[in-house]
Amino acid sequence: MVASSLQLRDVGKSFPAPDQPLTYRTVLETISISLEAGELVSLVGPSGCGKSTLLRLIAGLDFPDSGELLVDEEPISGPSAERGLVFQDPNLFPWLTVRRNIEAGLAARGVLQQKRSEVKEFMRLVGLEAFADAYPHHLSGGMAQRVALARALINHPKVLLLDEPLGALDAFTRMRMQDEVLRLWQNRRTTMLLVTHDIDEAIYMSDRIIILTQRPGTIEQIIPIALDRPRDRSSSDFLSLRSEILELLHFAGNRSSQVTA
Ligand SMILES: Nc1ncnc2c1ncn2[C@@H]1O[C@H](COP(=O)(O)OP(=O)(O)OP(=O)(O)O)[C@@H](O)[C@H]1O
Ligand SMILES: [Mg+2]
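Residues 0 to 260 (numbering that gives the first Met the number 0) make up the sequence shown, in order.
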């Protein structure tokens with residue numbers, strides 16, 4: 000798989016205020032971010048600062064008011080299977096088996112016949128081969144989220160956008176899934192942008208962490224994580240980075256309470 004670079008230049012977005020529909024409220028302001036092909040970057044910031052909005056703009060599901068979004072220097076003009084989006088809720092079709100859920104996007108795009116052999120490969124990749132014929136209500140939260148990941152990965156996205164994909168999982172499953180996502184990232188080398196509220200997850204996973212301010216979201220700081228992989232969550236380097244970031248969020252005002260959940 001060939002990954003893509005991603006560039007956001009001075010991206011701004013506003014929405015009508017819910018209480019005053021004629022007034023527009025700025026949600027994102029002059030966001031400039033550059034991701035190298037194959038990079039894994041986390042986006043951390045207070046609730047409502049525009050993280051999901053930013054992912055939706057990159058996914059091409061919405062459009063910015065100002066600025067440019069480019070994938071490999073090409074402007075983003077709408078949704079594309081090359082940019083996969085995975086949400087906190089796996090959003091599986093409850094009436095379809097695991098296999099059919101993974102196939103659904105391919106079927107919708109009319110490419111299922113050519114790609115059918117890959118379905119098995121992706122089920123194996125996320126460790127769900129034995130559950131091909133199971134229905135979503137038979138799956139644990141972690142398994143359902145792996146189906147959602149396989150469904151996004153089968154399109155060979157050059158950019159994978161993850162919006163708190165592990166947010167609903169218990170702490171133990173979440174750590175295991177972090178390793179799964181890292182394994183998938185290392186195997187496929189897709190460019191990943193991960194929204195998370197969990198600082199440990201951001202440090203454990205990312206090449207860089209982008210911290211956004213309260214709404215209107217602007218970039219507060221970009222922190223490179225130079226620790227070797229696999230990372231040790233209890234190493235002194237990890238822990239000092241953790242306290243550095245928490246301190247930064249603390250000094251950034253009352254945001255810390257929302258960001259460290
Ligand atoms: N389609 C929309 N119409 C109007 N307002 C919107 C729309 N989408 C988002 N907003 C507003 O934009 C702001 C940012 O929302 P967004 O969902 O991007 O935040 P977030 O950073 O993802 O928050 P959280 O961490 O809680 O998921 C919120 O105030 C939200 O109400
Ligand atoms: Mg969100």
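Note that the Cβ used here is the ideal one computed from N, Cα and C, for glycine as well.
Values in this document were obtained by computation on a predicted structure and should not be read as measured data.
Rounded C-alpha distance that separates residue i from residue j
i	j	result
Val70	Arg108	21 Å
Leu7	Val85	20 Å
Val180	Leu21	42 Å
Leu54	Gln112	30 Å
Leu39	Leu5	11 Å
Gly66	His136	43 Å
Arg173	Ile202	14 Å
Asp9	Gly126	40 Å
Ser13	Ser41	23 Å
Gln257	Val110	Unreliable positioning characterises Gln257 in this predicted model, as indicated by a pLDDT of 45, which lies under 50. The coordinate reading is nonetheless provided below. Gln257 and Val110: Cα-Cα distance of roughly 43 Å.
Cβ pair residue i, residue j closer than 7 Å
i	j	result
Ala149	Phe121	yes
Val43	Ile208	yes
Asp61	Gly11	no
Pro215	Val1	no
Gly37	Thr190	yes
Gly140	Met176	no
Lys114	Leu124	no
Whole-number beta carbon distance between residue j and residue i, since they are thought to touch under 8 Å
i	j	result
Ile218	Asp206	No, Ile218 and Asp206 are not in contact; Cβ-Cβ is about 16 Å, not under 8 Å.
Gln87	Glu163	4 Å
Leu160	Leu192	5 Å
Leu245	Ile198	6 Å
Asn90	Ala147	7 Å
Arg145	Val118	Rounded, the Cβ-Cβ distance is 14 Å, inconsistent with contact.
Pro45	Gln213	5 Å
Closer than 7 Å to chain C by CB, residue i
i	result
Thr29	Here there is only one protein chain, and chain C is not present.
Checklist entry - Hey, which unbroken runs of the alpha helix (DSSP H) at 4 residues or more fall wholly within the segment 182-239? => result For the segment 182-239, whole alpha helix (DSSP H) runs of length 4 or above, ordered along the chain, are 198-204.
Checklist entry - Given 8 Å as the limit, is there contact between the segment 139-159 and the segment 79-97, that is, 3 or more CB pairs closer than that? => result With the cut-off at 8 Å, the segment 139-159 and the segment 79-97 touch.
Next on the checklist: Suppose only complete runs of 3+ residues qualify. What are the beta strand (DSSP E) ranges in the segment 5-80, listed by chain order?
Outcome noted: 5-15, 23-34, 39-43 and 65-70
Next on the checklist: Restricting to runs no shorter than 3 residues, where is the beta strand (DSSP E) found entirely within the segment 109-163?
Outcome noted: 158-162
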